[in-house]
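Numbers 37 to 700, taken from my numbering, label the letters of the sequence shown in order.
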Amino acid sequence: MNQKNSSNFFVFFCFIFLVNAISFSQKKIPVYKDKNAAIETRINDLLKLMRLDEKILQMTQWTYGKNDNPNNFEEKVKELNPQIGSLIYRSTSPIYRNQIQKKAMEESRLGIPILFGFDVIHGYRTIFPIPLAQASSWNLDLVKKTSEIAAKEAWLSGVNWTFSPMVDVARDPRWGRVSEGYGEDSYVNSVFGVAAIQGYQGKNLSDKYTIAACLKHYVGYSLSEGGRDYHYTDVSRQTLWETLLPPFEAGVKANVATVMSGFNDISGVPASANHYTLTEILKEKWQHKGFVVSDWGSIKNLTNQRVAKDLKQAGLKAFLAGIDMDMVDDVYKNNLLKLVEEKKITIFQINNAVRRILRIKFRLGLFDKPYVDELSEKERYLQEDAISVAKELAAESMVLLINENDILPLKKEFKNIALIGPMVKDSIHILGSWAGKGKPNDAKTIFEGLTNEIGAKSTLHYAKGCDFDGDDTSGFKKAITIAKKSDVLLVFLGEKSSWSGENGSRSTIALPKIQEDLIFELKKTGKPIVLVLSSGRPLELYRLHNKVDAIIEMWQPGTFGGIAIAEILSGKINPSGKLPITFPQTTGQIPIYYNMRPSAVPKMGHYQDIPIEPLYQFGFGLSYTDYQYSEINISSSKIKKEQTITAEIEVTNTGNLNGKETVL
Ligand code: BGC
């Protein structure tokens, strides 16, 4: 072979090799695995390859990871079906999570990644104030930041999807879940819901540290009769459109990835079998492109609600209404195949549901980057920015309700200060209801916060006084003794975290009698009393408010709440929170909210035994300084549909301290 021939041969050989390589790659890499193909093209390709049983498993969610002993990882992973669509991931280990994901990627027939979800409600490990408290801050940027931080901590623990934010407009504080939302106003729920979504989802869902959000509970759950959780809801079209739907619509416009259907029965058609709300409004009118997940067992519950005679019919109703993924009750897994065979459901309809689920998995980038970083706990949690945002938001959430004779901030002359109450040394309830993977050991107690903040200048005397409930008054004696030798009494009362949240309804929103009695006894000492309350709901303060000199509602402020309240009491921080929900005079005054429709005879028809007004209205909150508002200047006195106008007002701080003021 001469020189020329040999080089021709080489070119020919390369050409053949290239052609082979291209056809090999075309054969080997299906379109759905091609990073560069459009998401919808990838979904179509994958749907063509999937069997019906695989599709149904994509529509199924299980829980996993409660037992996360590293010695059992391997065994546990072996047991798992790698075709499952989603897991509620209860472990915090990214290593374990990656092993499960590896199994899905490598051992399932088509290598479809699992979507790992978890209830990251107000933080993952760094716990921020409960959402109701967050709304009291009126600080959207800060709330967005907390969701960003929570998303990062969750992502680094293997979670890609949170079941948050809850935007159920809640007007009955007996309902335990008022703590999980942003209060009684539709607009407030809309803007805070959007801030949370933006924080969780970031600019691009496929970026590192971002997770998919889930708007819940769609829709009307907060109207549970009498505040009893899970109960019937009578929702008029007026209330539905005017009050309940707007926050969901705002979230859909903000591109929320998923929506969760509620447990409640909406005027005879349960939310989890409601074609009108799930399909006609959410998917058709609003064009939501993500998927709908049922609430925990809410498909199975259709039989309890007597709209399905058995689980098969429950599955059929939920599916046809528009639920794409079944949370934990296996109704879809056990019935959809049969329903397709019986021609009650078409493959086309199944494809539509699976398409939505796959779309979120693709948007999250799970097919291309299925694994999360495996960092140590120290590198993942409670980082500097998390701590400072948690402190800042806790402080901005606290609401000063009374401050007689400017008893606060604490005066230099207060040399002996009594710290009384079951909240003083608590590190559990301060985290609040549904506190993710928060740990009491991380929490700064009120006692620690105050010791740090004022312990060097004043002598602090502590007595628990009583427990949160029960009738053991034996601790009163010590409380009274320390009260007598103190210049001011700081009394920390409130609710256990378990009294709020799911299944946390209460027939009365008053503090248990023993806590009220403690105040009555302390009052007899004649010392000034500063009452600090920690609760997941508005409280009935009718019998207490005129027995004390100051009240601060600190809500359930999270891991760094103990520091925030100490800095507010000392005056380092001037309180700026305002209520996002009305505090009624008594439980019997419920429902009461600021934008109630006018009565036919406004001056009459009210309860005869209490004042007409609530005790503290929506938007109420004091400061250590005073503000003066100018007249409102409006850019135009007329407004067309879709047009915006601006209203300006000048606020002057006329007091002696710096402060922050939200103009409502
Ligand atoms: C709750 C939801 C929660 C889900 C998953 C249900 O019981 O109602 O809010 O997201 O469980 O934990």
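Cβ atoms here follow ideal geometry from the backbone N, Cα and C, with glycine treated the same way.
For clarity, every value in this text was computed on a predicted model and none was experimentally measured.
Asp507 and Ile550 have their alpha carbons spaced roughly 6 Å apart.
For Ser173, the enclosing alpha helix (DSSP H) starts and ends at 167-173. Placement of the Cβ of Phe483 at a distance of 6 Å or more from every heavy atom of the ligand BGC is found.
The beta carbon of Leu486 sits closer than 6 Å to the beta carbons of Ala602 from its chain, once the five residues preceding and following it are set aside; these are given in chain order.
Looking at the DSSP output, Tyr663 shares a beta bridge with Asn689. Around the beta carbon of Lys188, 16 or more other beta carbons sit within 10 angstroms, so the residue counts as buried. Within the model, the alpha-carbon separation for Phe228 versus Tyr218 is close to 7 Å. Here His311 carries a helix assignment [DSSP, helix/strand/coil]. DSSP places Met296 in the uninterrupted beta strand (DSSP E) bounded by 294-297.
If you measure from each CB to the nearest heavy atom of the ligand BGC, the residues under 5 Å come out as Asp155, Phe199, Asp331, Trp332. 7 Å or more divides the Cβ of Phe556 from the Cβ of Gly457. Ranking Ser672, Val637, Phe619 by CA distance to the CA of Leu651 puts Phe619 first.
Bridge partners of Trp98 according to DSSP: Leu123. The Cβ atoms of Ile490 and Pro476 lie no closer than 7 Å to each other. With a 10 Å radius around the Cβ and a threshold of 16 neighbouring Cβ atoms, Asp442 comes out exposed. Note that the C-beta distance between Asp365 and Lys336 is below 7 Å. Under the three-state reduction of DSSP output, Tyr245 falls in the coil class, being neither helix nor strand. Sequence-distant Cβ neighbours of Ala171 in its own chain, meaning closer than 7 Å and more than five residues away, are Tyr218, Gly219, Val224, Phe228, Pro616. Inter-segment contact for the stretch 111-125 and the stretch 406-423 is absent: fewer than three beta-carbon pairs are separated by less than 8 Å. If you check the CB distance, Phe284 and Tyr254 come in under 7 Å. The residues Asn134, Gln137, in chain order, have a CB closer than 7 Å to that of Tyr407 in the same chain once the five nearest residues on each side in sequence are set aside. Taking Gly153 as reference, the option from Arg126, Lys447, Trp591 with the minimal CA-CA separation is Arg126. Sixteen is the threshold: since fewer than 16 other Cβ atoms of the shown chains lie within 10 Å of the Cβ of Tyr663, the residue is exposed. In the DSSP secondary-structure assignment, Glu589 is bridged to Val435, Leu569. Asp409 sits exposed, since fewer than 16 C-beta atoms from the chains shown fall within 10 Å of its C-beta. Under the three-state reduction of DSSP output, Ile464 falls in the coil class, being neither helix nor strand.
Between Gly607 and Thr661, the beta carbon gap of about 11 Å keeps them out of contact (Cβ cut-off 8 Å).
Pairwise C-beta distances place the stretch 176-188 in contact with the stretch 148-163, as three or more of them are shorter than 8 Å. Exposed is the label assigned to Lys447, since fewer than 16 other Cβ atoms lie within 10 Å of its Cβ. Rounded to whole angstroms, the gap between the alpha carbons of Lys380 and Lys353 is 10 Å. Distance check between Lys405 and each of Glu143, Gly147, Glu484 places Gly147 closest, using alpha-carbon atoms only. For the options Ala206, Asp70, Val524, the alpha carbon positioned closest to that of Glu449 is the one of Val524. In this structure, Ala600 and Leu575 do not form a Cβ contact; the two beta carbons are roughly 19 Å apart against a cut-off of 8 Å. DSSP, reduced to helix, strand and coil, places Lys614 outside both helices and strands of the structure shown, so it counts as coil. Per the coordinates, the alpha-carbon of Val566 lies some 16 Å from the alpha-carbon of Gly598.
In this structure, Asn196 is the residue among Ile588, Asp301, Asn196, Ala515 with its C-alpha nearest to the C-alpha of Ala249.
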